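In our numbering, the protein residues as written are 20 to 344.
Structure, rendered in structure tokens:
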């Protein structure tokens with residue numbers, strides 16, 4: 020038995036480098052666990068174009084929305100660990116959902132820590148507090164006063180339960196004492212559509228997906244949820260600046276994951292190629308112009324980052340007593 024195990028280890032050690040050299044030999048699928056048009060989709064497609072050029076094989080973006088990203092993530096968790104099915108995961112799927120769903124008595128279909136191999140951080144973005152321009156407020160302080168005078172009358176949209184968009188709003192509600200009704204959508208795009216139409220009043224959206232509508236005037240930006248201002252919206256204050264909510268920080272991030280068991284040589288190749296793509300000046304500038312900070316860190320660095328984010332967001336979930344509606 021020991022001899023057989025030793026032979027298997029030796030064979031894997033010999034074949035792994037060769038496997039990485041010949042990978043990919045066919046199209047690679049990146050599952051986006053949200054609908055087209057949201058930031059997760061934007062980031063995945065931007066990186067997918069660059070990887071397709073490098074690999075000379077198609078990189079297919081497949082949208083599998085639902086359950087705050089859990090449906091698409093679960094699909095990848097159960098896929099073959101060969102590098103051909105990847106996940107564009109988020110702070111929601113890998114740092115928030117487990118605590119949020121378990122707090123509400125729901126069972127996760129996968130384990131974010133055990134069922135995936137982190138590859139690299141793709142991008143970090145602030146969320147931005149946006150309102151329908153018809154709402155008669157121009158600052159966060161005015162919004163708080165307006166909402167407090169109308170408890171339960173304002174509707175808060177999100178891209179789904181468990182997303183940082185949802186939790187940013189829940190944190191805001193908790194620290195301000197404002198009561199708004201939460202409406203989870205299946206992604207940012209449909210939520211923004213209803214916000215623009217006036218069916219929703221406010222949303223704490225990822226900046227890249229909200230930015231075009233802010234620039235067009237269809238949405239009004241009151242503040243960003245990060246600790247520092249965004250280079251894409253330098254004139255928009257942070258929530259801490261705008262409302263004196265010290266330490267308020269509810270940013271989002273997006274990163275590539277593979278199913279557990281994927282060979283490290285393949286994981287390292289994907290990370291290196293993504294980092295190379297994100298280091299290109301034109302790609303970096305495009306990300307920054309969209310309100311995103313490009314990533315590219317190593318698998319080990321990304322894993323450590325996720326552990327810290329999981330601890331942070333677990334505290335936010337408990338503090339806000341967020342509900343899965």
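Built from N, CA and C at the ideal position, the CB exists for glycine as well. Note that this is a predicted model, so its numbers are computed, not measured.
Are the beta-carbon atoms of residue i and residue j separated by less than 8 Å?
{"i": "residue 277", "j": "residue 80", "result": "no"}
{"i": "residue 246", "j": "residue 268", "result": "yes"}
{"i": "residue 144", "j": "residue 106", "result": "no"}
{"i": "residue 55", "j": "residue 89", "result": "no"}
{"i": "residue 120", "j": "residue 92", "result": "no"}
{"i": "residue 182", "j": "residue 109", "result": "yes"}
{"i": "residue 159", "j": "residue 241", "result": "yes"}
{"i": "residue 100", "j": "residue 281", "result": "yes"}
{"i": "residue 252", "j": "residue 214", "result": "no"}
{"i": "residue 314", "j": "residue 142", "result": "yes"}
{"i": "residue 114", "j": "residue 325", "result": "yes"}
{"i": "residue 176", "j": "residue 202", "result": "yes"}
{"i": "residue 293", "j": "residue 122", "result": "no"}
{"i": "residue 189", "j": "residue 341", "result": "yes"}
With DSSP as the reference, identify every bridge partner of residue i, one or two as the case may be.
{"i": "residue 127", "result": "In the DSSP output, where bridge partners are listed per residue, residue 127 has none listed."}
{"i": "residue 186", "result": "Answer by DSSP bridge pairing: none, since residue 186 is not bridged."}
{"i": "residue 109", "result": "273"}
{"i": "residue 313", "result": "142"}
{"i": "residue 148", "result": "223, 242"}
{"i": "residue 278", "result": "135"}
Taking residue i as the reference, give the member of the options with the closest Cα.
{"i": "residue 178", "options": "95, 85, 107", "result": "85"}
{"i": "residue 210", "options": "174, 256, 249", "result": "174"}
{"i": "residue 164", "options": "149, 198, 181", "result": "198"}
{"i": "residue 70", "options": "134, 167, 46", "result": "46"}
{"i": "residue 48", "options": "231, 261, 66", "result": "66"}
{"i": "residue 308", "options": "158, 44, 343, 62", "result": "62"}
{"i": "residue 272", "options": "57, 292, 236", "result": "57"}
{"i": "residue 310", "options": "227, 293, 100", "result": "227"}
{"i": "residue 332", "options": "299, 192, 117", "result": "117"}
{"i": "residue 64", "options": "323, 158, 305", "result": "305"}
{"i": "residue 249", "options": "289, 230, 132", "result": "230"}
{"i": "residue 244", "options": "134, 149, 104", "result": "149"}
{"i": "residue 258", "options": "122, 75, 191", "result": "191"}
{"i": "residue 87", "options": "218, 125, 328", "result": "125"}
{"i": "residue 338", "options": "330, 193, 98, 41", "result": "193"}
{"i": "residue 206", "options": "222, 200, 41, 295", "result": "222"}
Let me know the secondary structure DSSP gives residue i once reduced to three states.
{"i": "residue 197", "result": "coil"}
{"i": "residue 137", "result": "strand"}
{"i": "residue 42", "result": "coil"}
{"i": "residue 341", "result": "coil"}
{"i": "residue 267", "result": "coil"}
{"i": "residue 178", "result": "coil"}
{"i": "residue 218", "result": "coil"}
{"i": "residue 407", "result": "Nothing in the structure corresponds to residue 407, since the chain is present only between 20 and 344."}
{"i": "residue 244", "result": "coil"}
{"i": "residue 231", "result": "helix"}
{"i": "residue 29", "result": "Here residue 29 scores only 48 on pLDDT, less than 50, and its place in the model should not be relied on; the value that follows carries that caveat. Reduced to three states, the DSSP call for residue 29 is helix."}
{"i": "residue 318", "result": "helix"}
{"i": "residue 120", "result": "helix"}
{"i": "residue 67", "result": "helix"}
{"i": "residue 324", "result": "helix"}
{"i": "residue 306", "result": "helix"}
{"i": "residue 331", "result": "helix"}
{"i": "residue 191", "result": "helix"}
{"i": "residue 53", "result": "coil"}
{"i": "residue 158", "result": "coil"}
Do you know offhand how far residue i's Cα is from residue j's?
{"i": "residue 34", "j": "residue 286", "result": "For residue 34, the predicted structure reports a pLDDT of 47, less than 50, and the residue's modelled location is therefore unreliable. The matter cannot be settled from this model."}
{"i": "residue 78", "j": "residue 52", "result": "16 Å"}
{"i": "residue 94", "j": "residue 156", "result": "43 Å"}
{"i": "residue 147", "j": "residue 162", "result": "14 Å"}
{"i": "residue 140", "j": "residue 318", "result": "8 Å"}
{"i": "residue 185", "j": "residue 283", "result": "34 Å"}
{"i": "residue 262", "j": "residue 256", "result": "9 Å"}
{"i": "residue 322", "j": "residue 169", "result": "43 Å"}
{"i": "residue 303", "j": "residue 291", "result": "16 Å"}
{"i": "residue 298", "j": "residue 102", "result": "22 Å"}
{"i": "residue 59", "j": "residue 171", "result": "30 Å"}
{"i": "residue 254", "j": "residue 260", "result": "12 Å"}
{"i": "residue 236", "j": "residue 152", "result": "8 Å"}
{"i": "residue 76", "j": "residue 266", "result": "45 Å"}
With a cut-off of 8 Å, does the C-beta of residue i fall near any C-beta of chain B?
{"i": "residue 199", "result": "As a matter of chain content, chain B is missing from the structure shown, which is built from one protein chain."}
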